[in-house]
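Below is one structure, written out as structure tokens, with a few remarks after it.
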Amino acid sequence: MPGIPKVFGRLLEAVTEPDFLASLNDSLFRLLVGYPTACLLGGLLGLLAGLFRGFAVYLRSLIAILQSIPPITWIPFLIILIGFGNAPIITVIIIASFFPMALSVMNATEGVVRTHLEVAKVLGATKGQLLKKVYLPETLPAFITGAQVAFGNAWRSLIASEMVGGAATGLGFSIRFAGEVAQMGDVLLYIVIIGTIAILFDLVVLEGLKRRLLKWRYVGGGSEA
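With UniProt numbering applied, the sequence shown has no gaps in its numbers, which climb one by one up to 225 at the end.
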């Protein structure tokens, strides 16, 4: 079993290798297509479900189905349906990250304070103004929370899909190949890389987005009010 110094030494070598850079690029491309798509769809449908109770019944049923089926189990079906490559993996990412976003936004929309709505209506707010001035501000924290949970689902599903044969490239494929040829140093290397990317994405992208969109929650050097 390789030691930590050897793994990090291998990391310095890997970041300059074309094969590693190609795998990293392919994985990030799939993530950056599937994850935002799921967030937009989940946020929009969750908002609609929160506004229209009839639609909420159908969306909750869909979410219950998606939650009960491990996303990775869709890969064989999707490969048969649309073939190998990016498409089945991106589809799995969307499925995996859709339901936490939709559920968070739907519950937040249903929980909008009725007093705020009534006051806005008394002041003459239109439906569009209610959406913009009441619903969106009150559901925004749930949208951010949903996006954070959805990212974890998206990233795990991406790596797992690449490992089980959804594509012949990507970080998941690379870690599987390293395991098959007993290159334990590379296996540990890819585990470190996968975890590091997840941490950076959460701290830099998601936390940055959270502080930008919810800046009214942060006062006095970044502490939450």
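Where a beta carbon is used, it is the ideal one built from N, C-alpha and C, also for glycine. Owing to the predicted nature of the structure, the values given are computational and were not obtained by experimental measurement.
Of the listed residues I144, I80, T196, nearest to G42 (C-alpha basis): Distance check between G42 and each of I144, I80, T196 places I144 closest, using alpha-carbon atoms only.
Nearest candidate by alpha-carbon position, reference L78, set R176, I191, G165, L59: Among R176, I191, G165, L59, the Cα nearest to that of L78 belongs to G165.
Spatial distance of E207 from F173 (CA atoms): If I take the Cα positions, the gap works out to 29 Å.
Segment limits, alpha helix (DSSP H) that includes E110: From DSSP, the alpha helix (DSSP H) with E110 extends over 86–110.
Three-state secondary structure (DSSP) of V36: Before going further, note that residue 36 is Pro rather than Val in the sequence given. Note: P36 maps to helix in three-state DSSP.
A154: first and last residue of the uninterrupted alpha helix (DSSP H) it sits in: That run of the alpha helix (DSSP H) goes 136–163.
Cα-Cα separation between L31 and L209, rounded to whole angstroms: Their Cα atoms are separated by approximately 17 Å.
Beta-carbon gap between V92 and H116 smaller than 9 Å: Contact: no.
N-terminal and C-terminal residue of the alpha helix (DSSP H) that A198 is part of: Bounds of the alpha helix (DSSP H) holding A198 are 184–200.
Cβ-Cβ separation, A147 to M101 (assumed contact under 8 Å), whole Å: With a Cβ gap of about 6 Å, M101 and A147 count as contacting.
Rounded straight-line distance, which links the Cα of P137 to that of V112: Using only the alpha carbons, I get a separation of about 10 Å.
S223 versus F201 - alpha carbon distance: Per-residue confidence for S223 stands at a pLDDT of 47, beneath the threshold of 50, marking its modelled position as unreliable; the derived number appears in the next sentence. Note on geometry: alpha-carbon atoms of S223 and F201 lie some 21 Å from one another.
CB-CB length for I80 against G34, believed under 8 Å: With 8 Å as the limit, I80 and G34 do not qualify as a contact, their Cβ atoms being about 19 Å apart.
Separation of K132 from V122, as counted between CA atoms: One alpha carbon belongs to V122, the other to K132, and they sit about 16 Å apart.
Under the three-state DSSP convention, the category A225 falls into: A caution first: A225 carries a pLDDT of 37, below 50, which makes its placement in the model unreliable, though a value can still be read off. DSSP places A225 in coil when its eight states are reduced to three.
Own chain, CB closer than 7 Å to T169, minus 5 neighbours either side, in chain order: Counting only residues of its own chain and dropping the five nearest sequence neighbours on each side, T169 has a CB closer than 7 Å to the CB of A22, S23, D26.
CB contact flag (M106, L45, <9 Å): Closer than 9 Å, so yes.
Closest by C-alpha distance to P141, when choosing among S68, E13, F29, R212: In this structure, R212 is the residue among S68, E13, F29, R212 with its C-alpha nearest to the C-alpha of P141.
Where G54 sits in the DSSP three-state scheme: Helix.
Cβ pair F55, A49 closer than 9 Å: In contact: F55 and A49 (Cβ atoms closer than 9 Å).
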